[in-house]
Ligand SMILES: C[S@@+](CC[C@H](N)C(=O)[O-])C[C@H]1O[C@@H](n2cnc3c(N)ncnc32)[C@H](O)[C@@H]1O
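Residue numbers (the numbering used here): 34 to 347.
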């Protein structure tokens with residue numbers, strides 16, 4: 034079948050799945066009335082890290098915003114400019130949030146990750162202060178490539194928050210969801226990246242891990258979980274000095290093709306404020322995420338940290 038014809042089928046399927054009555058998130062639109070969302074607990078991890086980030090007056094982007102919970106929080110917390118994008122079209126829901134909650138944001142539906150980078154370049158914005166990439170990486174074919182594209186959007190000394198389904202095994206790896214072995218029902222779930230691998234991807238892309246939180250672990254072969262890491266964008270490689278290899282990965286053609294450093298390496302403004310908990314286990318440059326998992330354990334969020342009540346800002 035012609036892929037473009039298939040695209041149309043998928044769009045129709047998506048439109049039926051998310052018709053006017055079905056929402057991704059539960060957001061309180063008027064006292065006591067919540068949109069009928071799925072209450073997926075991962076968003077509590079993203080929210081916890083975002084709550085530690087001082088976004089007042091900053092330019093913020095959510096690269097896969099669905100029906101707008103994170104942009105609503107960004108707007109309520111005084112971001113200067115809120116941009117949301119999604120590969121699907123949640124425009125009908127975003128319009129409701131704008132009308133009922135006074136949400137102000139720029140919404141871009143039906144965009145690929147590559148197109149988000151183009152949007153940013155065209156706007157001459159020279160990188161966002163805060164970028165959220167939540168609930169996306171396990172849906173894409175190429176985890177590291179998509180990380181590169183998000184990295185292209187955050188300015189030096191800005192913050193990038195990444196949340197994904199993954200594996201808690203203590204190794205550098207990604208596990209493929211072959212025959213649905215970790216996620217049997219979702220045909221768009223592919224890679225379970227380990228926490229340790231994600232930390233290293235960050236270091237390779239000049240992102241220093243500064244904080245992390247972990248959801249409950251499932252007892253399957255990859256000990257899968259949801260986890261979120263907050264990274265600070267740095268001008269150098271936040272790796273151990275003896276790791277000479279990572280500092281030469283810029284020689285890879287993909288490093289130049291997938292990350293537009295010219296946009297990001299402009300004169301930096303002040304670092305985005307981030308209030309990380311004290312005494313996190315450190316590698317010397319940023320946190321040791323697996324040591325942190327051992328230290329703080331996992332977190333099973335209550336419903337109140339998943340749905341969004343009126344006026345709540347974190
Ligand atoms: C699991 S939801 C996560 C939504 C939200 N970011 C969160 O963390 O709650 C995945 C979102 O990514 C969007 N998306 C963006 N690019 C995608 C892609 N290449 N494949 C699948 N979904 C994609 C979907 O439309 C959907 O809104």
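Note that beta-carbon positions come from the ideal geometry of N, C-alpha and C, so glycine has one too.
DSSP three-state label for residue i, please.
i: residue 86; result: strand
i: residue 98; result: coil
i: residue 105; result: helix
i: residue 124; result: helix
i: residue 138; result: coil
i: residue 324; result: helix
i: residue 74; result: coil
i: residue 263; result: strand
i: residue 63; result: strand
i: residue 154; result: helix
i: residue 178; result: helix
i: residue 159; result: coil
Leaving out the 5 sequence neighbours to the left and right, which residues in its chain are closer than 6 Å to residue i when beta-carbon positions are compared?
i: residue 185; result: 150, 292 and 293
i: residue 114; result: 92
i: residue 208; result: 200, 225 and 255
Between residue i and residue j, which are expected to be in contact by the criterion C-beta below 8 Å, what is the C-beta distance as a whole number of angstroms?
i: residue 180; j: residue 238; result: 6 Å
i: residue 200; j: residue 222; result: The pair is not a contact, with the Cβ atoms about 13 Å apart (cut-off 8 Å).
i: residue 193; j: residue 99; result: That pair is no contact at about 18 Å.
i: residue 220; j: residue 333; result: Contact flag wrong, Cβ pair sits at about 27 Å.
i: residue 83; j: residue 106; result: 7 Å
i: residue 162; j: residue 191; result: 5 Å
i: residue 271; j: residue 320; result: With 8 Å as the limit, residue 271 and residue 320 do not qualify as a contact, their Cβ atoms being about 10 Å apart.
i: residue 142; j: residue 166; result: Actually they do not touch by this definition, with Cβ atoms about 17 Å apart.
By Cβ distance below 7 Å, which residues in the same chain neighbour residue i in space, the five residues on each side in sequence not counted?
i: residue 177; result: 234
i: residue 322; result: 228, 229, 232, 242, 245 and 262
By Cβ distance below 8 Å, which residues in the same chain neighbour residue i in space, the five residues on each side in sequence not counted?
i: residue 339; result: 59, 72, 73, 74, 76 and 77
i: residue 131; result: 137 and 138
i: residue 336; result: 72
i: residue 341; result: 58, 59, 60, 61, 102, 105 and 106
i: residue 111; result: 88, 89 and 90
Subject >> Ordered list of alpha helix (DSSP H) runs contained in the stretch 271-319, each at least 4 residues >> reply: 286-291 and 294-297
Subject >> 4-residue-minimum alpha helix (DSSP H) runs that sit fully inside the stretch 203-242, ordered along the chain >> reply: 228-237
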